[in-house]
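2 protein chains.
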Amino acid sequence: MKSFKIALAQFSPHVGNIDANTQKMIEQANQAKKDDAQIIIFPELSTIGYPAEDLVLRPSVTKRTEQAFKQLSEVKDIVMVFGFVHQTEDGLRYNSAAVMKDGEVLGVYNKQILPNYSVFDEKRYFTEGHQHLVFDYLGHKFGVLICEDVWSLPTVQQLAQLNINTALVLNSSPYEVGKPQHRIETMSALAKELNINLVYCNQVGGQDDLVFDGTSFVLNKSGEIALQAPSFQEGVYIADFDATQHEFSKGLITPQLDTMAEIYQSLVLATRDYVQRSGFPGVILGLSGGIDSALTLAIAADAIGGDKVQAVMMPYKYTAQISVEDAAEQAKNMGVTFGIAEINPIVNGFMQTLFPFFGNAPADATEENLQARSRGTLLMALSNKFGNLVLSTGNKSELSVGYCTLYGDMVGGFAVLKDVYKTIVFELAKYRNSISETPVIPERVITRPPSAELRPDQKDQDSLPAYDVLDAILYAYIEEDMSQDDIIAKGFDAEVVQKVIRLVDVNEYKRRQGAIGPRISSRAFSRERRYPIVNGWKAGI
Amino acid sequence: MKSFKIALAQFSPHVGNIDANTQKMIEQANQAKKDDAQIIIFPELSTIGYPAEDLVLRPSVTKRTEQAFKQLSEVKDIVMVFGFVHQTEDGLRYNSAAVMKDGEVLGVYNKQILPNYSVFDEKRYFTEGHQHLVFDYLGHKFGVLICEDVWSLPTVQQLAQLNINTALVLNSSPYEVGKPQHRIETMSALAKELNINLVYCNQVGGQDDLVFDGTSFVLNKSGEIALQAPSFQEGVYIADFDATQHEFSKGLITPQLDTMAEIYQSLVLATRDYVQRSGFPGVILGLSGGIDSALTLAIAADAIGGDKVQAVMMPYKYTAQISVEDAAEQAKNMGVTFGIAEINPIVNGFMQTLFPFFGNAPADATEENLQARSRGTLLMALSNKFGNLVLSTGNKSELSVGYCTLYGDMVGGFAVLKDVYKTIVFELAKYRNSISETPVIPERVITRPPSAELRPDQKDQDSLPAYDVLDAILYAYIEEDMSQDDIIAKGFDAEVVQKVIRLVDVNEYKRRQGAIGPRISSRAFSRERRYPIVNGWKAGI
């Protein structure tokens, strides 16, 4: 057994762009060679990126993948283990890994365990493989696994029984809070139990509503970490196998991020990749003086630079003066362009046109929505004229209960806080203030009682329970699938629980038309929590 | 072998409402008994309705299903074959059918073939069954199959080899153009080949973007139709097995609908069920004087009655006088409330607020979108104030290429023509005129060149190819998955094809935020064609 170096390409693909991804893989392989690596491993489905959804079904995937193989076959003197869509002559399609050296394919592995739950739909696209792949190189025996495979104990046991030294695992494992830690802990116990080394290479980057954190790692069969790559950063990381010690030497071990840092960075990366890969020159958002837009502004500026962010305050007669002041201060702190656009003439125009229809009907949510929709349309007009993407600023608590206006504050192409409960919004704001010399979000924005400012002296808590109570009920109903009766039995007020659940149920239509936004929870709306709009379930047992 | 009658409950469930569905099943069983039926068959998953999506994953499905069984067990003197979510003690979940008589469960069948393509996600929810169910009754041998099972020849062959006389097939097979005919033809060949009678009972009704047509039928082993229920109507239909003739007697055989009648009725049913099951008192829509809104108006009025439909014309300076006249005439023809709301003061309000930002920047799509968004916001205000659901009027051709304004003409809860290409819109308008004594859609609405009327003398064909060309390219790219190169090779202008495909690709974000609407094609957006928004595929091979 010889010593060797293996490169983990923590790779951020452009989903669907097989050609560009292949070029980047070649660059990373060349970089790994400069670092004297003999092997390089890429993430799951690295050529097309994950998840490519129905692009996988387009017939020309095969032709495009053949071209990728041709290009990759020009890379010499390094073993490449990479992921691809494998269309076989009998018409089946697999989620596969190829082992290639000097233009020769030494072996192909077809993923055996296809996840088809949560955000995953792999059985829509792929057939299950039924065979392990083992190869010898430099006197060392390697096995190949792909993502979900490694969470199936029987599958890994079978591979271990083939007397491999090291399992190479190609992954596209999306981020959720605590997942990086959970992966390493689980895999460490597995490596130890099965007495194998484990090289875990994960995709990084934002793809629509999914964020991939990377956090690739190498474990020795003792279960000890030999390498841990940073989260949310693309890069090629080298692990060094020392034949004399029969183990990977300790290399870069990036400390785990604290929870708020982890979430914050995931949102920054998701936002940056969405904006840049969609080709927008910058973003625009409405500032209200409240905490949601303040946090969104900070994330946006951290993602793409304050000079590419435009902020607009759109006051109306219910807007407090301190809201305008705080909005201006946030914008100044983050170095973004700031403008003020009064909505009075617009709301007046609507009311004039609607008078023959409304007559003297009493004011209700209609008039509040008109304010929100006037603002939404203003943002869209500025976006249309100057090309910046509108960021939506609503949080998961609001979206859950529909405390937001469709085509109003919900407008935008990317909803940065879509999967972030309001109680976490507060934590993230404090976290962001803690990492810069002076706070970027004014203290009183964090401490003021939240208000939509759509009528005089309005407070969120006039219509909703306190956010800690609301979020606890929402978490039990959405994340934990608890029934109404069981949530009430936990000690919450029955009427409050009934109201909250009813609001969650009837607002599915709003969420369905909302912008996508980064998933950080274990039950994100849309891709993960798939509920019908017409829904007769009704709460209860 | 005795003679018997079997009732086909062509059932329209309220998805998720197990209790209400069970009550309706009991009523239908009692009705069947009055008609002297000894057996009644319901559609697939009749207790919870199809597709219940992630409601199936809620833990209390089991408790609610147990209650349903308890209620159904009160029905005596008829064999009931119905569908339910079957959670077993080992933690597995099946899509199953129960055979119940006098409160006793004679057998349970677990669906063997789970579709996980197109609009189907059954592998997300269910485990595959591995055993056939056969039962004897009245000297007759029945086998049970569920929907996709019957499209798998080996599965049906195995069942036929158990010497059954009749296969009872529970279905929730969604409509698409030509599907009713295709089902009967395929099943007729199958019945003949395997020498079995076939009782095919299908769900009916709209559920979000899916429409179920019903069109249940009974086939003799000769392949001949003994019963064909009407499409798009709920009802209990009785088939009569004549022991002396060893076959089902010829009963009600509803003629197949013509294509346009079929599509039209599917849209009417989908709209009615969406509106009513969402609990709206009526609908509101914007009339432009164009054909899309004219057709949508007719469908809406046919679905829920003209008295529950409110139409609003929202003219601006580019609106032709004949558009206003035609809109008024359509409204009058369909007996709906009609109002006019000028958008001038609103657009002026927006331009006043935006002036400091826009300065003297030349007018572009921004100003056109402002008109559309002013209209959208007006409709939403009227909806908010009076409670009617906004119907969106865009067609599939527009949505494909993004020739529509997000938060503008795209506002609404239900997009009636979402899956209907413009060329079919014309056909449907002519069809609707042909079935009433006097045309409801003025002739010149059909013959005028389509225009969005967002700038002087604008015509759709200034920006888009002629609709017959556009639709042919769209069909090839969307429905047939053809590559750009292959479409050009068919003889279309290369530049036009490139432009159209680019527009389809970059407008995924708009479609993602659009309202749901009834699927009538074999590749509907959203549930069926699942494309990433950030998408580097790029047209070509």
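Protein sequences appear in the order of chains A and B. When we follow full-length UniProt numbering, the leftmost residue of the first sequence carries the number 1, and every step to the right adds one. When we follow full-length UniProt numbering, the leftmost residue of the second sequence carries the number 1, and every step to the right adds one. Idealized CB from N, CA, C, for every residue including glycine.
- DSSP places residue 309(B) outside any alpha helix (DSSP H); the residue lies instead in the beta strand (DSSP E), whose first and last residues are 309 to 313.
- The three-state reading of DSSP puts residue 147(B) in helix, counting H, G and I together.
- Membership of residue 385(B) in the alpha helix (DSSP H) is indicated by the continuous run 365 to 386.
- Of all residues in the region 410 to 421 of chain B, only 411, 413 place a beta-carbon less than 7 Å from a beta-carbon of chain A.
- In the three-state scheme derived from DSSP, where H, G and I count as helix and E and B as strand, residue 42(B) is classed as coil.
- Residue 216(A) has its alpha-carbon roughly 16 Å from the corresponding atom of residue 190(A).
- Along the length of the region 223 to 293 of chain A, whole alpha helix (DSSP H) runs at least 4 residues long occupy 259 to 277, reported in chain order.
- At a beta-carbon threshold of 9 Å, none of the residues of chain A lie near residue 454(B); the nearest stands roughly 13 Å away.
- The C-alpha of residue 450(A) is placed about 14 Å away from the C-alpha of residue 442(A).
- Chain A places a beta carbon closer than 9 Å to that of residue 17(B), counting this residue as a contact.
- Counting only residues of its own chain and dropping the five nearest sequence neighbours on each side, residue 159(B) has a CB closer than 6 Å to the CB of 132, 143.
- Around residue 130(B), no beta-carbon contact reaches into chain A at under 8 Å, the shortest distance being about 16 Å.
- In the structure shown, residue 531(A) adopts coil according to DSSP, grouped into three states.
- In terms of beta-carbon proximity, residue 357(B) lines the interface with chain A, with at least one pair separated by less than 9 Å.
- Judged by DSSP in its simplified three-state form, residue 130(A) adopts coil rather than helix or strand.
- In terms of Cβ geometry, residue 338(B) and residue 370(B) do not form a close pair [threshold 9 Å].
- 140(A) is the residue among 162(A), 140(A), 156(A), 392(A) whose C-alpha sits nearest the C-alpha of residue 242(A).
- Bridge pairing for residue 169(A): 145(A), 200(A) [DSSP].
- The residue from 341(A), 47(A), 379(A), 353(A) with its alpha-carbon nearest to that of residue 356(B) is 341(A).
- In its chain, beyond the 5 residues on either side, 309, 310, 311, 312, 379, 382, 383, 386, 388, 389, 390, 391 have a beta carbon closer than 8 Å to the beta carbon of residue 284(B).
- Only residues of its own chain outside the window of five on either side were considered, and among them 521, 522, 523 have a CB closer than 8 Å to the CB of residue 479(B), listed in chain order.
- Rounded to whole angstroms, the gap between the alpha carbons of residue 471(B) and residue 207(B) is 27 Å.
- Taken through DSSP and simplified to helix, strand or coil, residue 104(A) comes out as strand.
- Contact between the region 319 to 332 of chain A and the region 421 to 428 of chain A is not established, with fewer than three Cβ pairs separated by less than 8 Å.
- Proximity to residue 485(B) across 59(A), 137(A), 91(A), 397(A) peaks at 59(A), based on C-alpha coordinates.
- Between residue 269(A) and residue 211(A), the C-beta gap is smaller than 9 Å, which places the two residues in contact.
- With a contact defined as Cβ atoms closer than 8 Å, residue 101(B) and residue 146(B) miss out at about 19 Å.
- In this chain, residue 349(A) is not harboured by any beta strand (DSSP E); it is covered by the alpha helix (DSSP H) spanning 344 to 358.
- The three-state secondary structure of residue 421(B), taken from DSSP, is coil.
- When the five nearest sequence neighbours on each side are left out, the beta carbons in the same chain lying within less than 7 Å of the beta carbon of residue 412(B) are those of 390, 391, 392, 515, in order along the chain.
- Using beta-carbon distances, residue 427(A) does not count as an interface residue toward chain B, since no partner is under 9 Å.
- For residue 213(B), the enclosing beta strand (DSSP E) covers residues 210 to 213.
- DSSP places residue 438(A) outside both helix and strand once states are collapsed to three, so it counts as coil.
- Boundaries of the alpha helix (DSSP H) harbouring residue 24(B): 18 to 34, taken from the DSSP string.
- For residue 380(A), the residues of chain B that pass the 7 Å Cβ criterion are 369, 373, 407, in the order they occur in the chain.
- At a C-beta separation below 8 Å, residue 377(A) has these neighbours in chain B: 350, 370, 373, 374, 377, 407.
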